[in-house]
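Here's the structure we're looking at; comments come further down.
Residue numbers (my numbering): 44 to 211.
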């Protein structure tokens with residue numbers, strides 16, 4: 044049985060970074076790329092939820108934090124990461140507090156560290172989905188048991204009422 048590759052979206056306004064990211068990770072993950080926040084949102088609408096969205100912070104028209112805030116709203120289970128050539132403390136704090144980033148990488152990235160972090164993020168997403176599925180199945184099972192219980196009580200009450208009715 045083959046293991047399903049994690050779906051990862053990388054967003055960067057520099058084409059060389061998109062190419063490098065895809066080439067580095069395509070053997071291990073299903074990689075989607077977008078060159079802007081707006082393109083990323085359109086891709087997500089078309090392709091659906093990703094395990095992980097990784098974005099550059101500084102891009103024209105929409106910053107990485109702005110994009111990840113929208114991703115968080117639309118797909119709260121998706122893991123979020125930022126990669127940036129610039130590290131400004133207020134951006135880092137905003138990334139942590141506003142969009143709950145999983146990891147903040149500085150460009151140029153170290154390939155092994157990036158691969159490991161992305162693997163861990165996708166694993167975390169997959170585990171979260173398994174837990175969610177398990178909880179949903181438990182809820183369905185409990186609802187079914189509740190219905191059966193209510194049906195049995197109703198049947199027993201009706202049977203008891205028939206026995207208690209005075210005979211003419």
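All C-beta atoms, glycine included, are put in the ideal place defined by N, C-alpha and C.
Task: Rounded straight-line distance, which links the Cα of residue 186 to that of residue 199 - done: The residue labelled residue 199 in the question sits at position 156 within the chain shown. The residue labelled residue 186 in the question sits at position 143 within the chain shown. Their backbone Cα atoms lie some 20 Å apart in a straight line.
Task: Between the CA atoms of residue 202 and residue 192 - distance to the nearest angstrom - done: Counting from 1 along the chain shown, the entry for residue 192 is found at position 149. Counting from 1 along the chain shown, the entry for residue 202 is found at position 159. Going from the Cα of residue 192 to the Cα of residue 202 covers about 15 Å.
Open item on the list: Please classify residue 196 as buried or exposed, where buried requires at least 16 other C-beta atoms within 10 Å of its C-beta.
Closed with: The count along the chain shown starts at 1 and reaches residue 196 at position 153. When all chains shown are included, residue 196 counts as exposed.
Task: According to DSSP, residues forming a beta bridge with residue 95 - done: The residue labelled residue 95 in the question sits at position 52 within the chain shown. Note: residue 95 sits in a beta bridge opposite 51 and 122.
- [ ] Could you give the DSSP three-state label for residue 44: helix, strand or coil?
- [x] Here residue 44 refers to the residue found at position 1 of the chain shown. Caution applies to residue 44, whose pLDDT of 37 falls short of 50 and renders its modelled position unreliable; the model cannot decide the point.
Task: Residue range of the alpha helix (DSSP H) that includes residue 65 - done: To locate residue 65, count along the chain shown from 1; it is residue 22. That run of the alpha helix (DSSP H) goes 58-68.
Task: Buried or exposed by the 16-neighbour rule on C-beta atoms within 10 Å, applied to residue 213 - done: Not covered by the structure: residue 213. The range shown for the chain is 44 to 211.
Task: Closest Cα partner of residue 48 within the set 181, 166, 108 and 141 - done: The residue given as residue 48 occupies position 5 in the chain shown. Per the Cα distances, 166.
Task: Euclidean distance between Cα positions of residue 75 and residue 180 - done: Walking along the chain shown from the start, residue 75 turns up at place 32. Walking along the chain shown from the start, residue 180 turns up at place 137. So the alpha carbons of these two residues sit roughly 31 Å apart.
- [ ] For the beta strand (DSSP E) holding residue 146, just list the boundary residues, first then last.
- [x] On the chain shown, residue 146 is found 103 positions in, with the first residue counted as 1. Unbroken beta strand (DSSP E) run through residue 146: 146-149.
- [ ] Might you give, ordered along the chain, the residues of its own chain that have their beta carbon closer than 7 Å to the beta carbon of residue 141, omitting 5 neighbours on each side?
- [x] Within the chain shown, the letter at position 98 stands for residue 141. The residues 108 and 112, in chain order, have a CB closer than 7 Å to that of residue 141 in the same chain once the five nearest residues on each side in sequence are set aside.
TODO: Look at the alpha carbon of residue 194 and the alpha carbon of residue 184, and state the distance between them as a whole number of angstroms.
DONE: One-based indexing of the chain shown puts residue 194 at position 151. One-based indexing of the chain shown puts residue 184 at position 141. Using only the alpha carbons, I get a separation of about 15 Å.
Open item on the list: Could you tell me the alpha carbon to alpha carbon distance between residue 44 and residue 71, rounded to whole angstroms?
Closed with: For the purposes of this step, residue 44 is taken as residue 1 along the chain shown, with counting starting at 1. For the purposes of this step, residue 71 is taken as residue 28 along the chain shown, with counting starting at 1. Reliability of the predicted coordinates at residue 44 is poor, the pLDDT of 37 falling under 50, and the value obtained from them is presented with this limitation in mind. If I take the Cα positions, the gap works out to 16 Å.
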